[in-house]
Amino acid sequence: MDTLLAQLADDTNDTFYTVDPRWITRNAQQFSGCFPGTVLYAMKANPLEQVLEALSQGGINHFDVASLAEVQTVHNTLPNAVQYLMNPVKSRHCLHEAYYRYGVRSFVLDSEEELSKLRDVLPERDSTISLFVRYAPSESTAVYDLRGKFGASPVLATQLVHQVASSTDWSLGLSFHVGSQAIEDGPWLAALNDADAIVRDTAEHVRHLDIGGGFPGNYLNSIGNTPDLVGRVCDHIQTSPTLKDLNLICEAGRGLVYGGMSLFARVLSRREQSVFCGAGIFGGLLSAQQWLQFPARVWRDGTPYTGAAENTFNIFGPTCDSMDRLAFPYSLSSDIRESDWLEFQSTGAYSVSLRTPFNGFYADRIISLPS
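Quick look at the structure:
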C-alpha cells in the first residue's frame, strides 16, 4: 500500500497499474473448482509474469498460446507448464520451434491447408501429439463474436478428423469458441450439439473436447455468473452419451483475471462535463471504447474520494486523437478536478495486452499489491 500511495503522489507519472495476485490466485482456484476438466489460461488476456505466477499458485499450469513469443513467455516464467498452441494459423517456423525446442504437443487447425503444414513439420507417428479440429459455432450472443475469422463448418470438421485419423497417430479433439464475454449458455449448448454430431460421424476417433473461452467478467454494463454458466454447460455435456467421456478442456482468459488489476489515470483537466485523464483507448482502455464499461472511482489525497454528489461525465484519454474517448458516460464525484486520480477497476483482461505507446503515452508502471 505504501508503494501505491507513493505512486499517487508522484507528479511525474500520469498512469500506472496495480496487480492483486491474491485475487487472481483465489479466482483461479474457484474457477478450477467448478470446471470438471483441464483449465487452460488464454495468454492473450494478460501475459504479465506476475499474473502467470499468481495463476500457477491457484493451480493453473496449462496455457493456451498463439505465437512463439507467448510460448517463450510461458516457458521462461513457468518452465514446467504445459502449453497448447491453439492458433488455427501458424507459421512453419513457429510450429518447428514450439515442438522441437519447447516441447509443445497440442495444436489446432480448421483447414486442409493447415493440416498439410502440420504434416510437413510435425512427425506423423508421434502419438503424444494432440490435434484439435476447430469448428465454428452456429450462433453467438457474446459481446465479442469471434466466428468471423476461424472455424471450419461441421462438414469440413468431420472430413478433417477422418483425414488426420487415417494418416497420423495423433490424438484427436474438437474445439470451438463462442466469443468473448459470453453471458448466456445457448451458444455453448448449440455448439455442443454440433460436437455430438461430429463425434458420431467420425467413428470414435475424437478423444478430447475443448469448449473454448468466453467466460465473462463483471462490468457495469455486462455482468456474468461464471460458476452457474459453467455448471449448465458441463451438465449438458454429462447428459450426452457421445460427449460425456471425452477429455474436457477450456480456454479461460477474461474469466480468470478480469478483476485482478486496476488502471490508475491522473485527471489532467476538467472542462464542464468532460474529464481528460492519463489513460484512454490507446493506453489500456480499448474495450471501454467499444463495448464494456469498467467500474471506476475517484481518488484524492491518497484515498478513494466520495465527498460530493455524483454527476455524469464524458471521459477522454490524453492523446491528440478525437477517437480517444470512452464510449459510455461515467458517474463521478461532481467536484472532480485536476490532479485527482481515476481508478478503472476490473482491467485485468485485455488492457495490458492491448495498450500502445501512441502519441508518447504509455502505461508502463505496474505495482504488485501485497500477497
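When we follow this note's numbering, the leftmost residue of the sequence shown carries the number 848, and every step to the right adds one. We put the CB at the ideal spot given by N, CA and C, even for glycine. Predicted, not measured: the structure shown is a model, and the values here were computed from it.
- Query: Bridge partners of PHE954, per DSSP?
  - Reply: As a first step, residue 954 is located in the sequence shown; it is residue number 107 there, counting from the start. According to DSSP, PHE954 bridges with LEU932, LEU978.
Check: What's the gap between the Cα of ARG1079 and the Cα of ILE907?
Finding: As a first step, residue 1079 is located in the sequence shown; it is residue number 232 there, counting from the start. As a first step, residue 907 is located in the sequence shown; it is residue number 60 there, counting from the start. So the alpha carbons of these two residues sit roughly 22 Å apart.
**Request:** Using alpha carbons as the reference points, say which of PRO926, VAL1053, ARG1054 lies closest to GLY950.
**Result:** Taking the sequence shown and counting its residues from 1, the one referred to as residue 950 is at position 103. Comparing Cα-Cα distances from GLY950 to each of PRO926, VAL1053, ARG1054, the minimum goes to PRO926.
- Ranges of the beta strand (DSSP E) found wholly within the region 853 to 888, counting only runs of at least 3: 862 to 866
For MET1108, the residue or residues it bridges with in DSSP: If you number the sequence shown from 1, residue 1108 lands on position 261. In the DSSP output, where bridge partners are listed per residue, MET1108 has VAL866.
Reducing DSSP to helix, strand and coil, say where PRO1088 ends up.
Residue numbering aside, residue 1088 sits at position 241 when the sequence shown is read from its first letter. Residue state, collapsed to three classes: coil.
Where ILE1162 falls: helix, strand or coil (DSSP)
Residue 1162 sits at position 315 when you count from the first residue of the sequence shown. It is a strand residue.
Query - At least 3 beta-carbon pairs within less than 8 Å: the region 1063 to 1076 vs the region 889 to 898 - result: no
Once you ignore the five residues that flank ALA1004 on each side, which residues in its own chain have a CB closer than 6 Å to its CB? On the sequence shown, position 157 is the one that residue 1004 refers to. Contacts found: VAL980, TYR982, ILE1045.
Look up THR1073 in the DSSP assignment and say whether it is helix, strand or coil. Here residue 1073 is taken as the residue at index 226 of the sequence shown, counted from 1. DSSP places THR1073 in helix when its eight states are reduced to three.
Check: Should the region 1169 to 1177 be regarded as contacting the region 1116 to 1131, the criterion being three or more beta carbon pairs within less than 8 Å?
Finding: yes
Does the distance from the CB of GLY1026 to the CB of TYR1105 come in under 8 Å?
Counting from one through the sequence shown, the residue named residue 1026 turns up at place 179. Counting from one through the sequence shown, the residue named residue 1105 turns up at place 258. In this structure, TYR1105 does not lie closer than 8 Å to GLY1026 by Cβ.
Practice problem: Leaving out five residues on either side along the sequence, give the residues of the same chain with a beta carbon under 6 Å from the beta carbon of ASN934. | Solution: As a working note, residue 934 is residue 87 in the sequence shown. ALA913, listed in sequence order.
* Proximity below 8 Å, CB of THR1159 to CB of SER1178 -> Counted from its first residue, the sequence shown places residue 1159 at position 312. Counted from its first residue, the sequence shown places residue 1178 at position 331. Closer than 8 Å, so yes.
Worksheet item: Hey, ASP857 and PRO1165 are a contact pair by Cβ (cut 8 Å); roughly how many whole angstroms apart?
Response: Translated into the one-based positions of the sequence shown, residue 857 becomes position 10. Translated into the one-based positions of the sequence shown, residue 1165 becomes position 318. Not a contact, Cβ separation roughly 16 Å.
> Among ARG1113, TRP1188, ILE1030, SER1116, which residue has its Cα nearest to the Cα of THR1153?
Replying inline: The residue given as residue 1153 occupies position 306 in the sequence shown. Comparing Cα positions, the closest option is TRP1188.
Checklist entry - What do you reckon, are the CB atoms on ARG1101 and GLY1064 nearer than 8 Å? => result One-based indexing of the sequence shown puts residue 1101 at position 254. One-based indexing of the sequence shown puts residue 1064 at position 217. Closer than 8 Å, so yes.
What does the alpha-carbon distance come out to for the pair LEU1093 and SER1018? Position 246 of the sequence shown, counted from the start, is the residue given in the question as residue 1093. Position 171 of the sequence shown, counted from the start, is the residue given in the question as residue 1018. Distance between the alpha carbons of LEU1093 and SER1018 is about 12 Å.
Can you tell me which of the three DSSP states SER1000 falls into?
Taking the first residue of the sequence shown as 1, we reach residue 1000 at position 153. Reduced to three states, the DSSP call for SER1000 is coil.
Report task. Look up GLY906 in the DSSP assignment and say whether it is helix, strand or coil. Result -> Translated into positions along the sequence shown, residue 906 becomes position 59. In the structure shown, GLY906 sits in coil (DSSP, three-state: anything other than H, G, I, E or B).
Self-check item: Unbroken beta strand (DSSP E) run spanning ILE1096, endpoints
Solution: Residue 1096 sits at position 249 when you count from the first residue of the sequence shown. That run of the beta strand (DSSP E) goes 1094 to 1099.
Would the beta-carbon of LEU887 fall within 8 Å of that of TYR947? Stepping through the sequence shown from its first residue, residue 887 is reached at position 40. Stepping through the sequence shown from its first residue, residue 947 is reached at position 100. Cβ distance not < 8 Å, so LEU887 and TYR947 don't count as in contact.
| Do you know how far the Cα of LEU902 is from the Cα of ALA875? | Counting from one through the sequence shown, the residue named residue 875 turns up at place 28. Counting from one through the sequence shown, the residue named residue 902 turns up at place 55. Spanning the two alpha carbons is a distance of roughly 6 Å.
May I ask you to report which of helix, strand or coil DSSP gives HIS1052? Counting from one through the sequence shown, the residue named residue 1052 turns up at place 205. The answer is coil: DSSP assigns HIS1052 none of H, G, I, E or B.
Give a yes or no on whether the C-beta atoms belonging to SER1012 and SER958 are separated by under 8 Å. Translated into positions along the sequence shown, residue 1012 becomes position 165. Translated into positions along the sequence shown, residue 958 becomes position 111. A small correction: the amino acid at residue 1012 is Ala; Ser does not occupy that position in the sequence shown. For ALA1012 and SER958, no; Cβs fall outside 8 Å.
Notebook entry, point to check: In three-state DSSP terms, what is LEU1007?
Noted result: Residue 1007 sits at position 160 when you count from the first residue of the sequence shown. If DSSP states are grouped into helix, strand and coil, LEU1007 belongs with the helices.
On a CA-only basis, which of GLN1136, ARG1184, ASN1161 is nearest ARG1147? Give me that one, please. Position 300 of the sequence shown, counted from the first residue, corresponds to residue 1147. Comparing Cα-Cα distances from ARG1147 to each of GLN1136, ARG1184, ASN1161, the minimum goes to ARG1184.
Quiz item: Hey, ASP1032 and ASP973: beta-carbon distance below 8 Å or not?
Solution: As a working note, residue 1032 is residue 185 in the sequence shown. As a working note, residue 973 is residue 126 in the sequence shown. Not closer than 8 Å, so no.
Hey, quick one: how far does the alpha helix (DSSP H) through CYS941 stretch, first residue to last?
Start at 1 with the first residue of the sequence shown, and residue 941 comes out as number 94. From DSSP, the alpha helix (DSSP H) with CYS941 extends over 939 to 943.
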